[in-house]
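Input: a single structure, listed below in structure tokens.
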Amino acid sequence: MIDLTLHDSGPQSLRVREFYLGRQPILDRNQALFGYELLFRNAPVGPAHITNDLSATAAVIAHAAQLGMEKTIGDALGFVNVDASVLMSDIFSFLPREKVVLEIINTMPATPEIVTRIRELASHGFRFALDDVTGENEDVLALLPLVDYVKMDMRNIPLSTLSKLAPRFRQEKKKLVAEKVETREEFKNCLDLGFDYFQGYYFSKPVIMSGKKLSPSQLAVMELMTLVTSDADNQEIERAIKRDVSLALNLLRLVNTPAVGARQRIDSLSQAVTILGRRQLQRWLQIMLYAEPSKRGHSMTPLLMLATTRGRLLELLAGKLRHNQREVADIAFTVGIMSLMDTLFGIQMADILEQIPVGDEVRDALLQRGGFYGDLLKLVECIERIEEMDNHIVPTLRDLAMSTDELVELEMAAFEWSDNVVRYAL
76 MIDLTLHDSG PQSLRVREFY LGRQPILDRN QALFGYELLF RNAPVGPAHI TNDLSATAAV
136 IAHAAQLGME KTIGDALGFV NVDASVLMSD IFSFLPREKV VLEIINTMPA TPEIVTRIRE
196 LASHGFRFAL DDVTGENEDV LALLPLVDYV KMDMRNIPLS TLSKLAPRFR QEKKKLVAEK
256 VETREEFKNC LDLGFDYFQG YYFSKPVIMS GKKLSPSQLA VMELMTLVTS DADNQEIERA
316 IKRDVSLALN LLRLVNTPAV GARQRIDSLS QAVTILGRRQ LQRWLQIMLY AEPSKRGHSM
376 TPLLMLATTR GRLLELLAGK LRHNQREVAD IAFTVGIMSL MDTLFGIQMA DILEQIPVGD
436 EVRDALLQRG GFYGDLLKLV ECIERIEEMD NHIVPTLRDL AMSTDELVEL EMAAFEWSDN
496 VVRYAL
């Protein structure tokens, strides 16, 4: 059962060793979720340190795999970096081969031993990607027949070079993954070159359009949220839901799923509103904003996944730091969800906050990343952007008096909750 408001008990103890876990989405040509690149580190800054024949990174991957990859990636694929020590280890008994793609780092030479090992693992069903490919050197040519994916970094390759490499690798029947795609223009360029998958946060960069208005469906959700937070009576809320057929159908669908666990089938909106309760109804509405109206019921948009994960992680962090203050955790969830609304609506955040009444603490967090909630939001944004983890996470954790293993425990719980909510509640 998935409770949309669940946070009181927090995640189950995972007994993790100290490591960071970063997760960056990989999208297909329709911008639907395909996989995640996972980043594991055993030190606050810098690369993972090799402590023996088996790198610490490998030990962490094994540990995470034992905890359950489904907690981290849900139904998606997990792309995991491997070096020579990992490849030659026995870690692979821990990894679900149908769920992972092993990324061969670009600094690893294609020795005969490495090629033999990759061929052996491929024969057991493991799939491979070549990471950060910038040309056709000897190592790339030796490994190319053994891999399914070729990843190219948009920050390291000029468009002219990319235009030559992409057709060459496509001719070899390789799936192309564009990394560090940060702008819509880069995404379009890669689309035109025939790339299959895209990694980066171009989809979360707001494209602000002056004078843009909310769609009727978005307005319906926003008006309903206002009714719920202003303690309107159930009849008024029910009438508002009925004005949007999509909302009405999805509310009935929600209350009849394992997410709510009703004992008998619910067919009336008044029953649905009563059973769900105000807190769950408000949370469901916040999440529904990110589900495309035309795709509600089967939407897995990256922005939806990012918003639900961000909201849940902020909530869990607040619950950990402010024990037994449920209102604080609820506000943190709202800050996390609302922090992407400028992207969602294509409207400046300041203009959005003119339409939605929020408290001063929420406003300060969303506009200035200020205060307690702003600190939490900055931390989560750093985690999302793998490249920024080293520079910001350590001081923020120190300020919050939180350990790295506590952070990872909450991260994995947020990943799992988000996957379940998107699957069952929408």
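Heads up: take any position in the sequence shown, counting from 1, add 75, and you land on my numbering. Ideal Cβ positions, reconstructed from N, Cα and C, are used throughout, including at glycine. Quantities reported herein were computed from a predicted structural model and do not represent experimental measurements.
Straight-line Cα distance separating residue j from residue i
i, j, result
"arginine 353", "isoleucine 166", "47 Å"
"glutamate 313", "asparagine 231", "54 Å"
"glutamine 293", "threonine 182", "48 Å"
"glutamate 247", "methionine 227", "15 Å"
"methionine 37", "glutamine 357", "Since the first and last residues shown for the chain are 76 and 501, residue 37 lies out of range."
"alanine 488", "lysine 239", "43 Å"
"isoleucine 468", "leucine 391", "17 Å"
"aspartate 342", "aspartate 223", "48 Å"
"proline 31", "aspartate 450", "Nothing about residue 31 can be reported from this structure: the residues present for the chain run from 76 to 501 only."
"arginine 328", "leucine 364", "16 Å"
"threonine 304", "glutamate 298", "10 Å"
"glutamate 254", "proline 470", "28 Å"
"alanine 65", "tyrosine 448", "A query on residue 65 cannot be resolved here, the shown segment of the chain reaching from 76 to 501 and no further."
"glutamine 400", "isoleucine 350", "24 Å"
"aspartate 103", "threonine 301", "35 Å"
"glutamate 260", "tyrosine 111", "22 Å"
"leucine 344", "alanine 323", "7 Å"
"aspartate 435", "histidine 398", "22 Å"
"threonine 376", "glutamine 361", "15 Å"
"alanine 347", "alanine 241", "52 Å"
"glutamate 311", "alanine 295", "13 Å"
As assigned by DSSP and simplified to three states, the class of residue i
i, result
"asparagine 156", "strand"
"lysine 395", "helix"
"glutamine 99", "strand"
"alanine 204", "strand"
"leucine 428", "helix"
"tyrosine 448", "helix"
"alanine 382", "helix"
"aspartate 165", "coil"
"valine 565", "This structure cannot speak to residue 565, because the chain is shown only from 76 to 501."
"alanine 107", "coil"
"isoleucine 180", "coil"
"leucine 366", "Here residue 366 is alanine; the residue named in the question, leucine, does not match the sequence. Coil."
"glutamine 274", "strand"
"aspartate 306", "coil"
"glutamine 87", "Since pLDDT at glutamine 87 reaches only 38, below the 50 mark, its modelled position is unreliable, and the value read off the structure follows with that caveat. Glutamine 87: coil per DSSP, three-state reduction."
"methionine 413", "helix"
"alanine 476", "coil"
"alanine 488", "helix"
"aspartate 214", "helix"
"leucine 268", "coil"
"glutamate 254", "strand"
"lysine 174", "coil"
Minimum C-alpha distance to residue i - residue among the options
i, options, result
"glutamate 178", "Ser493, Ala159, Gln339", "Ala159"
"alanine 151", "Glu188, Ala107, Asp308, Thr236", "Ala107"
"threonine 418", "Thr332, Ser279, Gln355", "Ser279"
"threonine 384", "Ala366, Glu491, Phe169, Arg397", "Glu491"
"proline 220", "Pro233, Val190, Thr209", "Val190"
"threonine 209", "Ile193, Leu162, Arg243", "Arg243"
"arginine 460", "Val437, Leu322, Arg397, Leu381", "Leu381"
"valine 175", "Pro187, Ile148, Glu188", "Ile148"
"isoleucine 101", "Phe154, Gln400, Phe201, Met144", "Phe154"
"valine 282", "Ile362, Asp306, Phe420", "Phe420"
"valine 497", "Ala366, Arg438, Thr236, Val330", "Ala366"
"valine 483", "Lys395, Ile422, Met413, Val437", "Lys395"
"arginine 245", "Arg259, Asn105, Cys265, Pro233", "Cys265"
"leucine 170", "Glu456, Val225, Pro184, Glu145", "Glu145"
Exposed unless 16 or more other CB atoms sit within 10 angstroms - verdict on residue i
i, result
"glutamine 443", "exposed"
"glutamate 211", "exposed"
"aspartate 214", "buried"
"glutamine 87", "Bear in mind that the predicted position of glutamine 87 carries a pLDDT of just 38, short of 50, making it unreliable; the figure below should be weighed with that in mind. Exposed, by the Cβ-count rule."
"asparagine 325", "buried"
"leucine 389", "buried"
"lysine 249", "buried"
"serine 168", "exposed"
"glutamate 486", "buried"
"arginine 98", "buried"
"aspartate 206", "buried"
"valine 161", "buried"
"leucine 196", "buried"
"threonine 186", "exposed"
"arginine 318", "exposed"
"glutamine 355", "buried"
"glycine 386", "buried"
"leucine 378", "buried"
"aspartate 494", "buried"
"valine 455", "buried"
Residue i at chain D interface by Cβ criterion, 8 Å
i, result
"valine 403", "The question asks about chain D, but that chain is absent: this structure has only one protein chain."
* Count the C-beta pairs between the region 474-486 and the region 427-435 that are closer than 8 Å, then say yes if the count reaches three, no if not. => By the criterion of at least three beta-carbon pairs nearer than 8 Å, the region 474-486 is not in contact with the region 427-435.
* the region 405-420 / the region 265-277 touching (three or more Cβ pairs under 8 Å) -> Contact between the region 405-420 and the region 265-277 is absent, with fewer than three C-beta pairs closer than 8 Å.
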